Structures are given as structure tokens and as C-alpha cells.
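First the structure, in the form of C-alpha cells, and then the observations on it.
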Amino acid sequence: MGRSNYSAPKFYPQHEANCPAYGTFWQTAFITVPFGGSFPFNQVGRSAGGICITNTDLSVIRIPQAGDYRVSFIATINTTLNPVFPHIPVISIYVNGARLANAQGDFNIQINDPDDTGCHQLVGEAIVYIPANSTLRLVNNSFFNDQSIVTCDNGINAVELTIIKVS
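According to the numbering used here, the sequence shown is numbered sequentially starting from 5.
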């Protein structure tokens with residue numbers, strides 16, 4: 005018998021562009037985010053594909069892979085500790101330091117009645133193209149009186165962000 009030209013197959017890791025990428029982040033404390041400020045996160049859930057909070061700023065999410073992403077968030081808005089009426093909190097999705105074009109990532113609720121105090125949910129969701137090696141933040145873009153956003157915690161998440169790569 006002669007020598008075989010057969011060699012064992014080599015393992016080639018799946019190309020990064022085809023790997024799953026997702027992450028979930030949330031905040032468990034009362035926070036006050038001034039106009040123009042970003043929402044910080046103090047908890048990290050399951051993640052893959054390199055999506056993570058940056059080491060230097062707990063409000064900045066790093067996204068290494070380019071692609072289309074479903075970005076969704078839920079924030080609890082506290083009108084008891086911040087009784088500004090009409091209460092019009094606006095949260096915007098920023099990618100690489102810029103708001104998404106055409107108001108795609110701008111979400112708000114409007115509470116007119118000063119007797120309607122408590123915790124209210126502001127929810128946003130968009131499918132967004134994100135370039136490789138990008139950052140993502142949720143920003144208080146409440147232009148009405150440049151108001152701060154105060155969250156609730158009451159044993160619930162004050163803010164939750166989920167990012168899932170869909171293509």
C-alpha cells in the first residue's frame with residue numbers, strides 16, 4: 005500500500021457575516037436622563053456576535069458586524085417624579101452618534117392630564133442597517149422644554165434594549 009493523499013478536513017469557522025448577532029441590555033435603577041443624554045444600562049443578558057456595552061460608557065452598545073438589525077426598546081416613564089405637562093418624552097435611536105434619518109428611530113408618548121401621574125411605557129422598534137464596527141445609543145431627544153426623562157424601577161426594568169441581526 006502506498007501513501008494516501010487524503011488529509012483530514014479542516015474546520016473553517018463560519019464567516020462572521022453569517023454568525024448570529026444579538027444582545028439584550030437593561031437598567032434596573034431609577035435614572036434621570038437630561039435632554040441630549042443617553043440611557044445607561046447596568047445589566048447585560050444573552051449576547052452573541054460581539055454585541056456588547058463599551059468599557060468606557062455604559063450607554064454605548066458596540067456592534068461589530070454589518071447588517072440589518074431589529075432594534076427594540078421599552079422605557080418606563082415616571083410622571084410622578086417629573087410632573088411636566090404636557091409630558092412628551094422622546095427617545096431616539098442613534099447609530100455612530102447620529103439620529104436615524106427621516107425620524108425612523110424617534111418614538112414618543114404624550115400625556116396631557118396632570119392627574120395621570122405614574123409609570124407609562126414608551127416603546128420603540130425599527131429595522132435598521134448598521135455598518136460594521138458601529139455604536140448604538142438610546143438618546144433623550146425630548147425637545148419639549150428640553151425636559152429630562154425620569155424612569156421608574158418599582159421592581160421592573162427602567163429601560164430595556166434588544167438588538168437582533170436579521171440579515
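Cβ atoms here follow ideal geometry from the backbone N, Cα and C, with glycine treated the same way. Just so it is clear, the structure is predicted and the values come from calculations on it, not from any experiment.
Presumed contact (8 Å Cβ cut-off) between Ser138 and Asn100, rounded CB distance: 5 Å
Residues sharing a beta bridge with Ser51, DSSP: Gly27
Phe43 - containing beta strand (DSSP E), residue span: That residue, Phe43, is in no beta strand (DSSP E); it is neither H nor E in DSSP.
Which of helix, strand or coil DSSP assigns to Phe34: coil
For Asn144 and Ile95, believed in contact at Cβ under 8 Å, the rounded distance: 7 Å
Beta carbon of Asp157 nearer than 8 Å to that of Phe29: no
Neighbour flag for Ser171 against chain D, beta carbons, 8 Å: No chain D is present in this structure, which holds just one protein chain.
C-beta atoms of Gly49 and Ala25 nearer than 8 Å: no
Nearest-angstrom Cβ-Cβ length linking Val75 and Leu140, presumed shorter than 8 Å: 7 Å
DSSP three-state assignment for Asp110, whether helix, strand or coil: strand
Among Ser51, Ile57, His124, Pro44, nearest to Pro93 - alpha-carbon criterion: His124
Phe148 versus Ile168: straight-line alpha-carbon distance, rounded: 31 Å
Minimum C-alpha distance to Ala162 - residue among Phe43, Cys23, Val132, Gly27: Phe43
Candidates Val88, Glu129, Ala102, Pro38: closest to Asn116 by CA position: Val88
Ala136 to Asp110 span [Cα, whole Å]: 22 Å
Nearest-angstrom Cα separation, counted from Ile134 out to His19: Reliability of the predicted coordinates at His19 is poor, the pLDDT of 40 falling under 50, and the value obtained from them is presented with this limitation in mind. Going from the Cα of His19 to the Cα of Ile134 covers about 18 Å.
Own chain, CB closer than 6 Å to Pro118, minus 5 neighbours either side, in chain order: Phe89
Straight-line gap, Pro68 to Thr58 (C-alpha atoms, nearest Å): 12 Å
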